[in-house]
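Heads up: take any position in the sequence shown, counting from 1, add 464, and you land on our numbering.
Quick reminder that beta carbons are idealized off the backbone N, C-alpha and C, glycines included.
Notes follow the structure.
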Amino acid sequence: SSGINAEYGEKLVAQLVSNLDDDNCATRLVCCNCFNFVLQTGGKECFGPDELHKVYVELLKRLDDSSDELRVSVTSTLKTFFSLLPEDYNRELYKAHLQFLYQGLLIHLDDPNQAIQEAVYDVLCEAGRVWPSYLCEHIENVKHKHRSSLYCDKLLAAFKDS
């Protein structure tokens, strides 16, 4: 079993989430890295959809951070987030969550910084496995607005037949 029980994990995550807004960038970065570690260590036994839904909004907000290092770190945490969604995740019930996540990530897929684009692409590769056709719908809606359609096209190619 994991080294973190559900009650402790939830308290720890709440503390880390509150510190993602800290004025000090180093604090935000450490919190994000710890957050990723806690999610990975706790795993699916510790964090179900309801617990995960409580945290993604704060993670998405950090994609607008002034620090690119933190933004890349957040993408790593978001990949872990998506990897923890269960196989039987109720897509219809949680459609609004997925819509918010997909739309938020697709905005950052068009980031001016290519390192951020690539990191967000990696997240979307994981995120798309949850509901491939729904992600493709969102990609088709925004692709024409992006500076380059490269990553959108790669995602569509990966998921269009899923």
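Among Tyr-520, Leu-557, Asp-486 and Asp-552, nearest to Ser-540 - alpha-carbon criterion
Stepping through the sequence shown from its first residue, residue 540 is reached at position 76. When only C-alpha atoms are compared, the closest one is Tyr-520.
Sub-7 Å separation of Ile-468 and Gly-506 beta-carbons:
Within the sequence shown, the letter at position 4 stands for residue 468. Within the sequence shown, the letter at position 42 stands for residue 506. For Ile-468 and Gly-506, yes; Cβs fall inside 7 Å.
With DSSP run on the structure shown, which of helix, strand or coil describes Lys-624?
Counting from one through the sequence shown, the residue named residue 624 turns up at place 160. Here Lys-624 sits in coil by DSSP.
State the Cα-Cα distance for the pair Ser-537 and Asp-625, rounded to the nearest angstrom.
Counting from one through the sequence shown, the residue named residue 537 turns up at place 73. Counting from one through the sequence shown, the residue named residue 625 turns up at place 161. Approximately 30 Å between the Cα atoms of the pair.
Flag this pair as yes or no: are the beta carbons of Cys-510 and Ala-470 separated by less than 7 Å?
Counted from its first residue, the sequence shown places residue 510 at position 46. Counted from its first residue, the sequence shown places residue 470 at position 6. For Cys-510 and Ala-470, yes; Cβs fall inside 7 Å.
In the structure shown, what three-state DSSP assignment does Gly-592 receive?
On the sequence shown, residue 592 is found 128 positions in, with the first residue counted as 1. Residue state, collapsed to three classes: coil.
Would a C-beta distance cut-off of 7 Å place Arg-611 and Asp-574 closer than the cut-off?
Counting from one through the sequence shown, the residue named residue 611 turns up at place 147. Counting from one through the sequence shown, the residue named residue 574 turns up at place 110. Result yes, Cβ atoms of Arg-611 and Asp-574 sit closer than 7 Å.
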